[in-house]
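Numbering (this note's numbering), first residue to last: 1 to 197.
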């Protein structure tokens with residue numbers, strides 16, 4: 001997929017594109033993440049870019065978007081005070097404000113992450129301790145893709161992945177949710193080339 005093909009297909013009213021990835025970003029790639037965030041925001045007019053407000057890739061992508069148009073950046077946060085000082089998003093939706101009781105698809109697909117499967121039920125039932133809060137991050141990653149009754153689902157995902165251990169951790173979970181729900185996505189193997197188009 002070329003940059004122009006991406007724009008033709010996804011720069012539509014109501015389109016939501018994920019910009020996110022690994023916390024560990026190679027030094028040589030930091031600038032590329034910011035550049036693609038800016039480039040995408042400059043060359044499109046309808047897309048709302050969505051982030052998980054995490055350290056690393058999420059932050060660098062968000063810096064690029066916010067530099068051009070902060071109003072097109074949305075964050076989904078695991079709790080209300082999550083990295084509040086570093087949050088560049090114009091709008092933030094916290095899981096604290098989402099009723100998961102009526103979101104069975106989000107809960108079910110969050111349990112695909114076997115490391116936190118048992119913690120999901122504890123979190124959904126209202127437990128908030130240092131263990132159950134680990135579930136909030138995976139639920140957040142699921143919501144970023146599926147949305148909720150009040151949050152639009154993602155149309156596409158642009159990721160910065162660990163190419164040595166692809167599709168691992170929270171980023172891998174988000175990519176797997178995309179895959180399961182036929183939400184197209186790419187990693188830097190594709191979008192690095194967009195910087196030279």
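Think of the CB as a built atom: it goes at the ideal place given N, C-alpha and C, for glycine as much as any other residue.
Separation of residue j from residue i, as counted between CA atoms
i	j	result
residue 112	residue 173	8 angstroms
residue 190	residue 99	36 angstroms
residue 103	residue 127	17 angstroms
residue 95	residue 168	23 angstroms
residue 11	residue 157	13 angstroms
residue 199	residue 91	There is simply no residue 199 to check, as the chain begins at 1 and stops at 197 in what is shown.
residue 82	residue 140	12 angstroms
residue 155	residue 5	14 angstroms
residue 23	residue 30	11 angstroms
residue 41	residue 106	29 angstroms
residue 16	residue 79	21 angstroms
residue 72	residue 55	19 angstroms
residue 35	residue 181	29 angstroms
Bridge partners - residue i, DSSP secondary structure assignment
i	result
residue 77	94
residue 21	160
residue 16	48
Buried or exposed by the 16-neighbour rule on C-beta atoms within 10 Å, applied to residue i
i	result
residue 117	exposed
residue 46	exposed
residue 161	buried
residue 193	exposed
Run of the alpha helix (DSSP H) containing residue i, from where it starts to where it stops
i	result
residue 186	No alpha helix (DSSP H) contains residue 186, which is instead part of the beta strand (DSSP E) from 184-186.
residue 4	3-10
Spatially closest choice to residue i from the options, by CA coordinates
i	options	result
residue 88	110, 61, 78	61
residue 175	159, 78, 164	159
residue 170	4, 14, 21	21
residue 93	50, 182, 194	50
Where the beta strand (DSSP E) containing residue i begins and where it ends
i	result
residue 48	48-51
Interface flag, residue i vs chain B, CB-CB below 8 angstroms
i	result
residue 80	The question asks about chain B, but that chain is absent: this structure has only one protein chain.
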